[in-house]
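Visitor: First residue of the sequence shown: 0, per numbering that gives the first Met the number 0; consecutive thereafter.
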Amino acid sequence: MKKIVLVALSILAVSLPAFAQDSNDPKEKKVLIIGVDGMRPDALAKAKTPRMDELIRNGAFADNTKILGERYRENNTISGPSWSSILTGVWADKHGVRDNFFFGRNFKEFPHVFQRIKAVRPEALTVSMVSWEPIDQFIVSDADIRHVQPLGGGIARSMDLTVSADSIVSDTRDGKWHHLVGRREGKTVSLFLNGTLAGSGEDVAGDFELGGNSFFIGRDTRTGPMEFAGELSEVRLWNRALTVAEIKAIAEQGHGKGALPRSVKADQLLVHHKDAAPGTEIPVETPMRGITQGDFTVEAWFKTTRTDRSVIMGNYRRNQRAVNLELQTDNRIRLLIQPYIEPEVRLAGEDEGDGKMAATAARMLREKDPTAMFIYFHQVDATGHTLGFSPDRPEYIRAIQNVDSHIGTVLNALKSRVNYAKEDWLIIVCTDHGGFGTTHSAGHDNWEINTAFLLVSGPSTAHGKIEEQTYLVDIVPTVLTHLGVPIDPGWKLDGRPVGLATR
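1) Three or more beta-carbon pairs under 8 Å between the stretch 320-330 and the stretch 250-269, yes or no?
2) Under 8 Å between the Cβ atoms of T220 and Y315?
3) Please state whether the Cβ-Cβ distance between N449 and K93 is less than 8 Å.
4) When we look at the beta-carbon of R362 and count the other beta-carbons within 10 Å, is it buried (16 or more) or exposed?
5) Can the beta-carbon of R120 be found less than 8 Å from the beta-carbon of V475?
6) Starting from N401, trace the beta strand (DSSP E) in both directions and tell me its first and last residue.
7) Spatial neighbours of P369 within its chain, please: C-beta separation below 6 Å, excluding the five flanking residues on both sides.
8) Rounded to whole angstroms, what's the CA-CA distance from R72 to G407? Just pull it up for me.
9) Helix, strand or coil: how does DSSP classify G289 here?
10) With distance defined between alpha-carbon atoms, name the residue in D62, E284 and P458 nearest to G210.
11) Beta-carbon within less than 7 Å of R392's beta-carbon, same chain only, minus the 5 sequence neighbours each way: which residues are those?
12) Report the partner residues of P121 according to the DSSP bridge assignment.
13) Looking only at its chain, what residues have a beta carbon closer than 6 Å to the beta carbon of V428, apart from the 5 residues adjacent to it on each side?
14) Count the other CB atoms within 10 Å of the CB of H439; is the residue buried (16 or more) or exposed (fewer)?
15) What span of residues does the alpha helix (DSSP H) with Q378 cover, start to end?
16) Round the Cβ separation of A451 and D431 to the nearest angstrom and send it over; I've been treating them as touching at under 8 Å.
17) Taking the alpha carbon of D98 as the reference point, which residue from A441, H481 and T477 has its own alpha carbon closest?
18) Could you check where the alpha helix (DSSP H) with T82 kicks off and where it finishes?
19) For R70, does the count of other Cβ atoms within 10 angstroms reach 16, so buried, or fall short, so exposed?
20) Consult DSSP for S108 and reduce its assignment to one of helix, strand or coil.
21) Less than 8 Å between the beta carbons of V188 and D173, yes or no?
22) So E224 packs on F301, CB below 8 Å; how close in whole Å?
23) Tell me Y315's beta-bridge partners as DSSP assigns them.
24) Less than 7 Å between C-beta atoms, sequence neighbours within five positions excluded: which residues of the same chain meet that for P277?
25) Does the separation of the CB atoms of A59 and G463 fall below 8 Å?
26) Under the three-state reduction of DSSP, which class applies to V139: helix, strand or coil?
27) Starting from the C-beta of R505, find all residues in its chain whose C-beta is less than 7 Å away, skip the five residues before and the five after it, and write them out in chain order.
28) Report yes if the C-beta distance between D36 and H405 is below 8 Å; otherwise report no.
29) Just verifying my parser: in three-state terms, what is the DSSP assignment at P496?
30) Any idea if V310 is buried or exposed, counting beta-carbon neighbours within 10 angstroms, 16 or more meaning buried?
31) Is the beta carbon of L150 closer than 8 Å to that of I332?
32) Would you give the residue range spanned by the beta strand (DSSP E) that T450 belongs to?
33) In the DSSP assignment, find the beta strand (DSSP E) that holds I336 and state where it starts and stops.
34) Select from E122, D165 and F137 the residue whose C-alpha is nearest the C-alpha of S84.
35) Can the beta-carbon of G433 be found closer than 8 Å to that of S130?
36) Among E233, K491 and G194, which one has its Cα closest to the Cα of E245?
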């Protein structure tokens, strides 16, 4: 079926000149953007996707959309820069996001599409529904309605405790010494800052052996921007949960006082580095490997002025049993406990998470009246990273087919809206990158990574294959044009409208 659709598109190839909204059209213009992370267009062509096939038949389609521009190609070929380009309409040299850490982001000067819409149509209702939290945290943080669906699979079964330190210290990056503790006691995981409980949660990770061969101070298995920049001291790993009184005593004693307070017993202290240079490597062997098989405590004194995300200690790697203690942006602190999850369990959880996302989006479409809505699905990317981004990988194809089913749930809800007959919905389906093997990083010269697709469907679209070269940055101008929002040259958008019918 998919081959027939694509052949028909090549015959009906369309040319897309300038567009203008018909002021006499009585139907209300609306937009639904569906983002599917990590979907290769050649795998989409192979998969059985009746709902996306229907959208293709009723719209314009490009299977050679580029995730990098001609002017600027220096950012990494990963999600942070790509979703930023999709939602702002500019390349990374403008929006400033070159990796997944969002350092240097410039969304104040180059905001996301919802802000452009609201500036002209303040009554518009904007909705963002994502499961990859950085999109919500950094890009679309001021959408009128925001929903963050916890990631499924192994990530959902990890214990990720991230809390604000504002109630204890207004700025943990003030260049002064602070004491950070991550602790697991029974089924409770807690974070303490300067002797005070900052937050806690119920452990969902369970007991497991620590993975890998090395545990690091001042970083995890990754090198680069997240390496700690500052000073670390009195780094300790305990094979027991320190008591609240012990944690308070260590903090009250202060930094640089030498031995532990008398009230703190040194039993089951596995690792102690008085002055630890960032990058110090600790072998993961007995008894260190068993630290996560029961109660444990990780602690350190730190001093830094760097405001971005930094790793105090850890051994995080995708699909590896790990513990990380981190400083996050916006004065937050984090303890991550990640067990190993079998791939089939992880991916079943991912599909469950996307299913919940679709159900929530469907309810939103039935109960609210959005002008512009963004929905994000994650499992295709998770499958690629776990087993491989390839049209020859059955699990990868199955993930695409699962997402197609979830898209069907959303479209059914959209078509059941009370005023659907009076509405003109522009439906855009897009992806942020492809993949090769189990990665998509540094894919500047790899077509399997840097090639995406763009599907623009609805009553106001042209029908057929889009012959002109399309780019991720074309999505925002297309959305604005459909909604009748004049594009100000001062916005310096890098894209242009594509896939819309001429008037």
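Ideal placement from N, C-alpha and C gives every residue a C-beta, glycine not left out.
Predicted model, so just to flag it, every value in this text is computed and none were measured.
Guide: Straight from the coordinates:
1) no
2) Here residue 220 is taken as the residue at index 221 of the sequence shown, counted from 1. Here residue 315 is taken as the residue at index 316 of the sequence shown, counted from 1. Their beta carbons are under 8 Å apart, which means T220 touches Y315 by this criterion.
3) In the sequence shown, the residue the question calls residue 449 occupies position 450. In the sequence shown, the residue the question calls residue 93 occupies position 94. No.
4) To locate residue 362, count along the sequence shown from 1; it is residue 363. Result: exposed.
5) Looking up residue 120 in the sequence shown gives position 121. Looking up residue 475 in the sequence shown gives position 476. Going by C-beta atoms, R120 is not nearer than 8 Å to V475.
6) Along the sequence shown, one-based indexing puts residue 401 at 402. N401 -> not in any beta strand (DSSP E); alpha helix (DSSP H) instead, spanning P393 to K414.
7) For the purposes of this step, residue 369 is taken as residue 370 along the sequence shown, with counting starting at 1. Only L124 and V126 meet the Cβ criterion.
8) The residue you call residue 72 lines up with position 73 of the sequence shown. The residue you call residue 407 lines up with position 408 of the sequence shown. Spanning the alpha carbons of R72 and G407 requires a straight line of approximately 35 Å.
9) The residue labelled residue 289 in the question sits at position 290 within the sequence shown. G289: helix per DSSP, three-state reduction.
10) What you label residue 210 is simply residue 211 of the sequence shown in a count that begins at 1. Looking at the Cα atoms, E284 is the closest of the given residues.
11) As a position in the sequence shown, residue 392 is number 393, starting the count at 1. If we look at R392 and ignore the five residues flanking it on each side, its Cβ neighbours are L386.
12) For the purposes of this step, residue 121 is identified with residue 122 of the sequence shown, where counting begins at 1. DSSP output for P121 lists no bridge partner at all.
13) Here residue 428 refers to the residue found at position 429 of the sequence shown. Answer for V428: I33 and L454, listed in chain order.
14) Position 440 of the sequence shown, counting from 1, holds the residue named residue 439. Answer is buried; the Cβ neighbour count reaches 16.
15) Residue numbering aside, residue 378 sits at position 379 when the sequence shown is read from its first letter. Taken as a continuous stretch (DSSP letters only), the alpha helix (DSSP H) holding Q378 covers Q378 to L386.
16) Along the sequence shown, one-based indexing puts residue 451 at 452. Along the sequence shown, one-based indexing puts residue 431 at 432. Right, their Cβ atoms sit about 7 Å apart.
17) Taking the first residue of the sequence shown as 1, we reach residue 98 at position 99. Checking every option, the nearest Cα to that of D98 belongs to A441.
18) Within the sequence shown, residue 82 is the residue found at index 83, counting from 1. The amino acid occupying residue 82 in the given sequence is Trp; Thr does not appear at that position. That run of the alpha helix (DSSP H) goes S78 to T87.
19) The sequence position of residue 70 within the sequence shown is 71, counting from 1. Burial call: exposed.
20) Residue numbering aside, residue 108 sits at position 109 when the sequence shown is read from its first letter. The sequence as given places Glu at residue 108; Ser does not occur at that position. In this structure, E108 counts as coil in the three-state DSSP scheme.
21) On the sequence shown, position 189 is the one that residue 188 refers to. On the sequence shown, position 174 is the one that residue 173 refers to. Taking 8 Å as the Cβ cut-off, V188 and D173 do not qualify as a contacting pair.
22) Sequence index remark: in the sequence shown, residue 224 carries index 225 (1-based). Sequence index remark: in the sequence shown, residue 301 carries index 302 (1-based). It should be noted that the sequence gives Pro, not Glu, for residue 224. The beta carbons of P224 and F301 sit about 17 Å from each other, so the pair does not count as a contact at 8 Å.
23) Here residue 315 refers to the residue found at position 316 of the sequence shown. Bridge partners of Y315: none, in fact.
24) Here residue 277 refers to the residue found at position 278 of the sequence shown. Taken in chain order, the residues that qualify are I216, G217, R218, E226, F227 and L231.
25) Along the sequence shown, read from residue 1 onward, the residue named residue 59 stands at position 60. Along the sequence shown, read from residue 1 onward, the residue named residue 463 stands at position 464. It is a contact, given that the beta carbons lie within the stated cut-off.
26) Taking the sequence shown and counting its residues from 1, the one referred to as residue 139 is at position 140. Note: V139 maps to coil in three-state DSSP.
27) Summary: the structure shown does not reach residue 505, with the chain confined to residues 0 through 502, and so no result is reported for it.
28) Position 37 of the sequence shown holds residue 36. Position 406 of the sequence shown holds residue 405. Their beta carbons are not under 8 Å apart, which means D36 does not touch H405 by this criterion.
29) The residue labelled residue 496 in the question sits at position 497 within the sequence shown. DSSP places P496 in coil when its eight states are reduced to three.
30) The sequence position of residue 310 within the sequence shown is 311, counting from 1. The residue is buried, with at least 16 neighbouring Cβ atoms inside 10 Å.
31) Here residue 332 corresponds to residue number 333 of the sequence shown, with the count starting at 1. Here residue 150 corresponds to residue number 151 of the sequence shown, with the count starting at 1. No, Cβ-Cβ distance for I332 and L150 is not below 8 Å.
32) For the purposes of this step, residue 450 is taken as residue 451 along the sequence shown, with counting starting at 1. First-last of the beta strand (DSSP E) with T450: T450 to S456.
33) Within the sequence shown, residue 336 is the residue found at index 337, counting from 1. R331 to Q337 is the span of the beta strand (DSSP E), which, as asked, contains I336.
34) Against the sequence shown, residue 84 aligns to sequence position 85. Checked all of E122, D165 and F137; the closest Cα to S84 is F137.
35) On the sequence shown, position 434 is the one that residue 433 refers to. On the sequence shown, position 131 is the one that residue 130 refers to. No. Outside cutoff.
36) Along the sequence shown, read from residue 1 onward, the residue named residue 245 stands at position 246. The shortest Cα separation from E245 among E233, K491 and G194 belongs to G194.
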